[in-house]
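Following: one structure in structure tokens, then a few remarks.
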Amino acid sequence: MGYHIFGIGNALVDKEFEVDDAFFEQAGIEKGLMTLIDEDKQHELLALLSEQYGLKKRACGGSAANTIIGASYFGANTYYTCNVANDEAGDFYVNDLKAAGVDTNLGDDREEGVTGKCLVMVTPDAERTMNTFLGITSDLHSRHINEDAIAQSEYVYIEGYLVTGDTSRAAAVEVRELARKHNVKVAMTCSDPAMVQYFRDGILEVLGDGVDLLFCNEQEAMLLTETDTLEAATEALKSKVNSFAITCGADGALAWDGSQLHTITGHVVTAKDTNGAGDMFAGAFMYAITHGHDFAAAGRLASAASAQVVSQFGPRLDAEQHAPLKDHLG
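Take 1 as the starting number for the sequence shown in this note's numbering and just add one per residue.
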């Protein structure tokens, strides 16, 4: 069976909490960013969060996993390559992925270690702040890559968070190279402004001589192109990548298909939780373009789907919420 999308990214069990802004001051956390922490720090933080707020939701996550699962629920054939340990969290992760209809390199022969976890803290303004212990996912390696699955895919999709580690960054570059070898298109997401700010060289290394499709938000686009306006960033990106989509929060998005810039209208919703909005945008967009739709239609679906994600708690929609959204394609 061929795949519409082959994804690679960090495999993390997401634990979501609703918190107050005051908590960040108390715990010394930078709001609105993804910060990497060690296991001891995560245990300490988890205990604090559980005691003060209580766990709201647990799901198999990581940015690209959310994208791949979203695309799968829309009807795409998908494959996700990642690394979780032979522990309870790893079992949970594999089962969650398979339940969503996603094929994976993960089996019962997983390595000993600790599955990565991401503590997602959502404030009343709906902004998400993440503290992540990567665990075994930081050992995501070329041995986890299935070249046959890449060769059978229309697109590979590479998560920007992989640039924080040498082996995971090398694996991301290898996926890009294997895709090129088999004439498979390459899509990539910047994932988080912190990745472009602190790991810009790594992002550029994975981008190589350009990708077929880049996903980023306004801030990431400006950091990547070293510009200070959205207009300038948009122009600069046209010479860096073949096509792109820049998400602009409630203002919608801009999508460049290689010849035309499409302005995608945003949706007015009451935001509860912005975690997963960009992931869902990419998943819906890639589902649409691998199913015969143009960038304008893909943008409409992606905008509607991400608006629905932010209007409820958690980084993904339930399976049955996807089909009605397809009306936006028409």
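Where is the CB? At the ideal position from N, CA and C, for every residue including glycine. Since this is a predicted model, take the numbers as computed values, not measurements.
For leucine 261, the enclosing beta strand (DSSP E) has its first and last residue at 261 to 264.
Under the three-state reduction of DSSP output, isoleucine 289 falls in the helix class. In this structure tyrosine 79 is in contact with serine 153, their Cβ atoms being roughly 7 Å apart against a cut-off of 8 Å.
Inclusion of glycine 276 and isoleucine 264 in the CB contact set at 8 Å is not warranted, their separation being larger than that value. Your pair isoleucine 246 and threonine 227 does not check out as a contact, with CB atoms roughly 12 Å apart and the cut at 8 Å. For threonine 115, the three-state secondary structure derived from DSSP is coil. In the displayed model, threonine 123 falls within coil according to three-state DSSP, outside both helix and strand.
As DSSP reads the structure, glycine 61 sits in a beta bridge with Leu12. For phenylalanine 215, the enclosing beta strand (DSSP E) covers residues 213 to 217. Distance from the CA of alanine 319 to the CA of valine 114, rounded to the nearest whole angstrom, comes to 29 Å.
In the structure shown, the three-state DSSP call for isoleucine 37 is coil. Here histidine 141 is exposed: its Cβ has fewer than 16 other Cβ atoms, across all protein chains shown, within 10 Å. In the DSSP annotation of this structure, the continuous segment of the beta strand (DSSP E) that includes tyrosine 157 starts and ends at 153 to 159. Excluding sequence positions up to five before and after cysteine 248, its CB lies within less than 8 Å of the CB of Asn217, Glu218, Leu230, Leu254 and Gly266, all in the same chain and listed in chain order. If you draw a straight line from the Cα of phenylalanine 215 to the Cα of methionine 188, it is about 6 Å long.
Isoleucine 246 carries a strand assignment under DSSP once its states are collapsed to helix, strand and coil. Annotation for leucine 207: the continuous alpha helix (DSSP H) segment containing it runs 200 to 207. Our two residues, leucine 134 and valine 309, have alpha carbons roughly 25 Å apart in a direct line.
By the Cβ criterion, the segment 106 to 113 is not in contact with the segment 40 to 51, since fewer than three pairs of Cβ atoms, one from each stretch, lie closer than 8 Å. Judged by their CB atoms, asparagine 10 and cysteine 60 are not nearer to each other than the 8 Å cut-off. Its chain contains Ile150 and Ala151 as the residues whose beta carbon lies nearer than 7 Å to that of histidine 182, once the 5 sequence neighbours on both sides are disregarded; these appear in chain order. Using a Cβ distance threshold of 8 Å, alanine 89 and histidine 4 do not count as a contacting pair. For a cut-off of 8 Å, the C-beta gap from alanine 126 to alanine 271 is around 4 Å, short enough to register as a contact.
Under the three-state reduction of DSSP output, lysine 272 falls in the coil class, being neither helix nor strand.
In the structure shown, phenylalanine 17 adopts extended strand secondary structure according to DSSP, grouped into three states. Around the beta-carbon of leucine 55, fewer than 16 other beta-carbon atoms lie within 10 Å, marking it exposed. Look at the beta carbons and you see the segment 155 to 175 touching the segment 187 to 207: at least three pairs across the two are nearer than 8 Å.
For phenylalanine 133, the enclosing beta strand (DSSP E) covers residues 128 to 133. Put simply, of Asp96, Gly160, Asp87 and Ile203 the residue whose alpha carbon is nearest the alpha carbon of isoleucine 69 is Asp96. In terms of CA proximity to proline 193, Met34 leads the group Met34, Gly28 and Ala27.
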